[in-house]
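Asks: In the working numbering, the protein residues as written are 3 to 138. Glycine is no exception: its CB is placed at the ideal position from the N, C-alpha and C atoms. Take a look at this one; I'll ask things after.
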Amino acid sequence: MSENLKTIKELADELSVSKDKVKYQVRKLPSELTIKENGITYIKNAGIEIIKENILGKIPNAKTGELPNDYLVNQLEFFQKELGKKNTQIDHLQQLLENQQILTKQTLDEKKQLELEFSEIKKKEPKSWFRRIFGN
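And the structure:
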C-alpha cells in the first residue's frame, strides 16, 4: 500500500471530531476510497480529502498540492467511469431480461402445442365397446 492510509480514529483525532462523525462521512464515500482489513476500515488519501472538505467546509489542498479544479476534474472522471460501468451493467441485465422473455415465450408455445396434440390424440382415440357402455 503505497498510499498513506488512515483509520477512522486517526482521522477523527486529526480533525478533532468524533469517530461517529467520520464514520458517517465514510459511509457516503465510494467503496473504492476505502479498504477494510481485519475489521479495520482504512481511508485512502482521496477519501480523506473528501471527508476533510465535508467536515471543514473547504477543500484542503495544502497536503496534496491539488488545486480545487483538479480535484473536481478527478471527481468528474471518477463518476463518469462509474456511470459507464453502470450503463454496461444495465445493458447486460436488459439483454438477460430479453433472453428470459424469449425463453418464456418459447416454453409457453411448446406447452400450447403439446396441449393441442394431446387433445387431438384424445379425440381420435376410439372408445372400446366396454367404455361406450360403462363410461370411462
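1) Tell me whether the stretch 6-13 and the stretch 41-49 touch, counting them as touching only if at least three CB pairs, one residue from each stretch, are closer than 8 Å.
2) For residue 46, name the three-state secondary structure that DSSP assigns.
3) Suppose you measure from the CA of residue 29 to the CA of residue 22; what does that come to, to the nearest Å?
4) By the DSSP assignment, the alpha helix (DSSP H) with residue 12 in it spans what residues?
5) Under 8 Å by Cβ, that's how I've got residue 53 and residue 24 pegged, so tell me the actual separation to the nearest angstrom.
6) Following the continuous beta strand (DSSP E) through residue 39, name the residue where it begins and the one where it ends.
7) Helix, strand or coil: how does DSSP classify residue 20 here?
8) Quick test of your reading: residue 13 and residue 50, contact by CB under 8 Å. State the CB separation rounded to the nearest angstrom.
9) From residue 42 to residue 80, what distance separates their C-alpha atoms?
Replies: From the atom records:
1) yes
2) Locating residue 46 in the sequence shown gives position 44, counting from the first residue. Correct three-state label for residue 46: coil.
3) Counted from its first residue, the sequence shown places residue 29 at position 27. Counted from its first residue, the sequence shown places residue 22 at position 20. Distance between the alpha carbons of residue 29 and residue 22 is about 11 Å.
4) Position 10 of the sequence shown holds residue 12. Per DSSP, residue 12 belongs to the alpha helix (DSSP H) from 10-17.
5) Sequence index remark: in the sequence shown, residue 53 carries index 51 (1-based). Sequence index remark: in the sequence shown, residue 24 carries index 22 (1-based). Contact flag correct, Cβ pair sits at about 6 Å.
6) Here the question's residue 39 lines up with position 37 in the sequence shown. Residues 36-39.
7) Residue mapping note: residue 20 aligns to position 18 of the sequence shown, counting from 1. Coil.
8) Here the question's residue 13 lines up with position 11 in the sequence shown. Here the question's residue 50 lines up with position 48 in the sequence shown. That belief holds up - the Cβ atoms of residue 13 and residue 50 are roughly 6 Å apart, short of 8 Å.
9) As a working mapping, residue 42 is identified with position 40 in the sequence shown. As a working mapping, residue 80 is identified with position 78 in the sequence shown. Between residue 42 and residue 80, the C-alpha separation is close to 25 Å.
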